[in-house]
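The structure appears below as structure tokens.
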Amino acid sequence: QSMNFEDKIAGSARAHEQARQVIPGGVTANIKHFAPHPIVMDHASGSRLTDVDGNNYIDYLLSYGAMILGHGHERVKEAVYEQIDQCGSFVFGTPHHLEYKMAQKLVDIFPSMDQVRFTNSGLEATLLAIRLAQAYNDKPKIAKFEGHYHGGYDQVLVSVNPNMDDAGEHAEPNSVAESSGMSEQDLDQTVILPFNDLKATEAILRQRQDEISAVILEPVQSGFIPADETFMKGLRDITEELGIVLIFDEVKTGFRLTLGGAQHLYDIEPDLTALGKVLGGGFPVGALGGRYDIMQLMSPERGGDILTSGGQQVTDRALFHSGTYNGHPTVLAAGLATIDYLEEPGVMSELLRKTEKLRHGLENVYHQHGLSMQTVGLGTIFNIILTKDVVRDYRSLTTVDMETRKQIDYELLDLGIYTKPGNRYSMSTAHTDEDIEKTIEAHYIAINRVLNR
Ligand code: PMP
């Protein structure tokens with residue numbers, strides 16, 4: 008350590024100080040903040056990020072998992088340039104052929120999807136899913152799982168990261184606001200369920216079936232805590248029996264566990280699926296796909312009444328869904344190029360192999376230092392968890408040693424490994440075996456520094 012890390016990132020400190028004057032906290036999303044100040048990036052290529060001081064990092068944040076081909080992949084760049092050249096504009100505000108092409112691609116990849124609509128973010132996709140489910144079932148509430156994130160709007164911004172003093176009993180969790188500015192009504196409209204606890208979940212759903220239109224979940228919580236197979240199958244059975252719409256939020260897991268996401272891996276068909284991140288190849292995107300009868304609720308061609316599953320008549324006006332940039336041609340061109348590349352033989356399997364190699368290497372290093380550590384994850388995402396105990400829900404994470412983890416992560420930044428301290432790791436096809444070896448070595452040094460303080 009020839010130079011103090013804070014000196015190496017002095018340019019970031021200055022840039023952050025400027026930004027703080029005109030942007031609250033100097034960040035455009037709260038999650039981008041960490042102490043003492045975030046690192047300000049300048050450019051990127053493949054698996055590497057370079058900050059404003061010229062420091063180079065192997066990137067495991069990958070824009071929260073979006074950049075599955077790494078940064079600036081040539082095939083994606085070409086597709087974007089070509090699309091702009093060919094269409095002569097950036098956006099039309101009318102239908103265009105890439106919308107059909109991408110919708111057809113998604114319908115082919117995801118057997119649960121009969122139809123698809125595009126949005127500009129994952130948040131908008133889950134929001135649309137919930138509105139559709141409520142219109143379909145005509146019941147006032149939805150249910151979500153403790154610790155699961157679906158975007159920052161009132162209905163789902165509850166019990167994502169609750170303080171355990173407020174969280175209530177495990178088998179019947181409270182609905183806890185994640186933000187100021189939310190009302191009691193917001194909390195009341197969302198029922199909280201305990202993840203990976205089928206018995207307790209079933210009890211709540213049965214008891215409140217007359218109120219609940221939909222259950223939404225991340226099949227793999229935060230992208231790294233997998234649902235048990237029996238839990239998942241049980242949840243599908245019970246929601247089907249009770250006529251509750253089952254929404255998979257596959258914004259993180261879509262194209263990242265297998266191409267067909269968690270639903271392919273678990274062999275379960277949800278009623279609706281939200282996608283995002285990888286789907287846009289690095290551009291802002293979301294999509295909602297699902298069952299024909301539910302998706303048709305938003306068709307402007309609807310004439311007359313459509314019957315819900317309960318035989319109840321709902322309004323014959325199409326459910327509202329709009330957006331100036333929905334189905335943006337540049338975004339879809341980037342997404343299609345990304346998916347095309349991932350579909351090539353060997354690409355996903357090689358990415359999965361490299362993820363496994365990194366996980367095993369890291370586990371060895373921590374164990375060599377006598378630390379209790381496990382990597383937890385599925386597919387191309389995992390997290391480093393400093394405990395021997397089984398991690399299966401939000402509450403099992405609350406007792407984990409995050410302080411040591413964050414100290415190690417901060418040392419890793421100095422050693423040229425980028426992830427936001429405490430964040431999960433996402434892999435890209437651009438990461439090489441050499442990157443993986445460097446990453447493992449850097450962990451070895453970082454752990455030594457922290458343990459020998
Ligand atoms: N759902 C999940 C599971 C997510 O991980 C995210 C983003 N982290 C969202 C929804 C929201 O997506 P976006 O940030 O594109 O609005």
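Note that the sequence shown ends on residue 460 in UniProt numbering; no numbers are left out. The C-beta atom is built at its ideal place from N, Cα and C for all residues, glycine as well.
- Three or more beta-carbon pairs separated by less than 8 Å link the region 111 to 119 to the region 262 to 282, which places the two stretches in contact.
- The beta carbon of Leu134 lies closer than 7 Å to those of Gly158 and Tyr160 in the same chain, with the five residues before and after it left out.
- Shown here for Ala437: same chain residues with a beta carbon closer than 6 Å to its own, the five before and five after excluded, namely Gly53, Ser54 and Gly77 in chain order.
- Buried is the label assigned to Ser166, since at least 16 other Cβ atoms lie within 10 Å of its Cβ.
- Around the beta-carbon of Val183, 16 or more other beta-carbon atoms lie within 10 Å, marking it buried.
- Annotation: the continuous alpha helix (DSSP H) that includes Ala449 extends over Asp440 to Leu458.
- Buried is the label assigned to His450, since at least 16 other Cβ atoms lie within 10 Å of its Cβ.
- If you ignore the 5 residues before and after Phe290, its C-beta comes within less than 6 Å of the C-beta of Val338 and Ala341, all in its own chain and listed in chain order.
- Judged by DSSP secondary structure, Gly384 falls within the beta strand (DSSP E) whose first and last residues are Gln381 to Leu385.
- Residue pairing by DSSP places Val123 opposite Gly296 in a beta bridge.
- Taking a 10 Å sphere around the C-beta of Met305, we find 16 or more other C-beta atoms and assign the residue as buried.
- Nearest to Glu370 by C-alpha distance, out of Val354, Ile392, Ile388 and Thr387, is Ile392.
- When secondary structure is reduced to three states using DSSP, Asp256 falls in the strand class.
- In this structure, Ser128 has its beta carbon less than 6 Å from a heavy atom of ligand 1.
- Of all alpha-carbon atoms in Tyr432, Thr382, Gln111 and Ala325, the one lying nearest the alpha-carbon of Leu343 is that of Gln111.
- Residues of the same chain with a CB within less than 7 Å of the CB of Arg243, apart from the 5 flanking positions on each side, are Leu253 and Ile275 in chain order.
- For Phe389, the enclosing beta strand (DSSP E) stretches over residues Ile388 to Ile392.
- Contact check for Ala294 against Pro307 fails: the beta carbons are separated by 7 Å or more.
- As the crow flies, the alpha-carbon of Ile251 is around 31 Å from that of Tyr332.
- Shown here, Ala150 sits in a strand according to DSSP, grouped into three states.
- Our two residues, Ser190 and Arg21, have alpha carbons roughly 38 Å apart in a direct line.
- Remark: C-beta atoms of Thr197 and Gln228 do not approach each other more closely than 7 Å.
- A distance below 7 Å between beta-carbons, with the five flanking residues on each side excluded, links Leu56 to the following residues of its chain, in chain order: Met48, Tyr64, Asp66 and Tyr425.
- Within the chosen limit of 6 Å, ligand 1 does not reach the beta carbon of Gly297 with any heavy atom.
- Lys259 has its Cβ nearer than 6 Å to a heavy atom of ligand 1.
- Beta-bridge pairing by DSSP links Thr280 to Phe255 and Gly296.
- Here Lys146 is buried: its Cβ has 16 or more other Cβ atoms, across all protein chains shown, within 10 Å.
- Burial of Ala140 is indicated by the presence of at least 16 other C-beta atoms within 10 angstroms of its C-beta.
- Taking the CA atoms as reference points, Glu131 sits about 36 Å from Gly61.
- Leu385 is a Cβ neighbour of Pro233, given a cutoff of 7 Å.
- In the structure shown, the three-state DSSP call for Ser329 is coil.
- In this structure, Phe231 sits near Arg431, with a CB-CB distance shorter than 7 Å.
- Using a Cβ distance threshold of 7 Å, Gly283 and Val123 do not count as a contacting pair.
- In the DSSP assignment, Val222 falls within the unbroken beta strand (DSSP E) covering Ile219 to Leu224.
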